[in-house]
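Residue numbers for the sequence shown follow my numbering, beginning at 1075 and rising by one.
A virtual CB, placed ideally from N, CA and C, is assigned to each residue, including glycine.
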Amino acid sequence: MAGNIKSEIRTLERMMSIYCRGKHGGERLCPDCGALLVYAAGCIINCPRDPKPACKACPSNCYAPEKRALIREVMRYSGPKMLFRHPLLTLRHYLRF
């Protein structure tokens, strides 16, 4: 797996953790958030584009509409919080895209 894909999945894991802890109150991912993470990681790994663009700018729709809405909610909630909890990871993510 390419380094950028690993980094993108790592960023998604951190964002999902922030979201689940804030919305569902657990220390670990709940089953729903865990399933969404596995689904999203699968979409990232199986991306047909090379080089892989940011998903929101991609002309292909790999995500099912309901999953896309959930991922957007996760990003909207945890994105601003990432800057304070994982500043270097956030900086690398924004410089890459």
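CA-to-CA distance, residue j to residue i, given in whole angstroms
{"i": "Pro1139", "j": "Leu1162", "result": "31 angstroms"}
{"i": "Tyr1093", "j": "Tyr1151", "result": "6 angstroms"}
{"i": "Ser1134", "j": "Val1112", "result": "19 angstroms"}
{"i": "Arg1166", "j": "Val1148", "result": "19 angstroms"}
{"i": "Ala1109", "j": "Cys1132", "result": "23 angstroms"}
{"i": "His1160", "j": "Arg1084", "result": "11 angstroms"}
{"i": "Met1122", "j": "Arg1142", "result": "Checking the sequence, you will find Pro at residue 1122 rather than Met. So the two alpha carbons sit approximately 17 angstroms from each other."}
{"i": "Ser1081", "j": "Leu1144", "result": "21 angstroms"}
{"i": "Ala1114", "j": "Tyr1137", "result": "8 angstroms"}
Where the alpha helix (DSSP H) through residue i begins and ends
{"i": "Glu1147", "result": "1139-1159"}
{"i": "Gly1116", "result": "1105-1119"}
{"i": "Asn1135", "result": "Unbroken run through Asn1135: none, as it is neither H nor E."}
{"i": "Lys1130", "result": "Lys1130 -> no alpha helix (DSSP H), and no H or E assigned at all."}
{"i": "Arg1095", "result": "1077-1098"}
Sequence-distant residues of its chain with Cβ nearer than 8 angstroms to residue i (five each side left out)
{"i": "Leu1157", "result": "Thr1164"}
{"i": "Gly1100", "result": "Cys1094"}
{"i": "Leu1086", "result": "Leu1111, Ala1114, Ala1115, Ile1118"}
Assigned exposure category for residue i - 16 Cβ within 10 Å defines buried
{"i": "Leu1169", "result": "exposed"}
Same chain, Cβ closer than 6 angstroms to residue i, neighbours up to 5 away in sequence not counted
{"i": "Arg1088", "result": "His1160"}
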